[in-house]
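My numbering numbers the first residue of the sequence shown as 142 and each following residue consecutively. Ideal placement from N, C-alpha and C gives every residue a C-beta, glycine not left out. No experiment lies behind these values; they were computed from the predicted model shown. Structure record follows, encoded as structure tokens.
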Amino acid sequence: WRRFQSMPIYALEDQNERQRMLKYTPEHMHCHATMWGPVTAPNTGFVAFQDIRSRQSGFRICASGVLLEIDHTSKVVKKLKLVGEPYKIFKNTCFIKN
Numbered sequence: 142w143r144r145f146q147s148m149p150i151y152a153l154e155d156q157n158e159r160q161r162m163l164k165y166t167p168e169h170m171h172c173h174a175t176m177w178g179p180v181t182a183p184n185t186g187f188v189a190f191q192d193i194r195s196r197q198s199g200f201r202i203c204a205s206g207v208l209l210e211i212d213h214t215s216k217v218v219k220k221l222k223l224v225g226e227p228y229k230i231f232k233n234t235c236f237i238k239n
């Protein structure tokens with residue numbers, strides 16, 4: 142048994158095979174969780190708990206799953222929403238005013 146504390150980054154894979162970051166885990170759907178932890182073999186099961194305190198009588202499982210791969214080069218992209226007006230537009234680049 143191994144026990145460690147980590148903050149996962151949740152993501153879904155889109156059509157372009159990119160890992161898009163999620164703010165919250167989707168309800169009744171699968172998603173990827175990227176996190177740092179000790180080296181463990183793929184296909185190893187895991188269980189995640191929200192919070193375990195000594196003064197709490199019970200605990201609640203918030204996630205369970207299987208390790209898919211060990212990859213230190215995983216890339217998760219975040220969708221960026223800007224508010225303002227574009228004033229210089231190039232091919233794939235735009236400068237936003239305000």
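Could you name the residues of the same chain whose beta carbon sits closer than 7 Å to that of residue i, not counting the 5 residues immediately before and after it, in chain order?
i      : result
Pro183 : Leu208, Leu209, Glu210, Ile211
Cys172 : Tyr151, Ala152, Leu153, Leu163, Thr166
Alpha carbon to alpha carbon, what distance is there between residue j and residue i?
i      : j      : result
Ile230 : Ser215 : 30 Å
Arg143 : Asp155 : 32 Å
Lys238 : Lys220 : 19 Å
Cys235 : Gln160 : 23 Å
Leu223 : Asn233 : 15 Å
What residue range does the beta strand (DSSP E) around residue i cover?
i      : result
Val207 : 202-207
Tyr151 : 150-154
For residue i, which residues in the same chain have their Cβ closer than 6 Å to its Cβ, ignoring the five residues on either side in sequence?
i      : result
Ala204 : Ala189
Ser174 : What sits at residue 174 in the sequence shown is Ala, not Ser. Pro149, Tyr151.
Could you tell me how far apart the beta carbons of residue i and residue j are, in whole angstroms, since I believe they sit closer than 8 Å?
i      : j      : result
Pro179 : Phe200 : 22 Å between Cβ atoms; not a contact.
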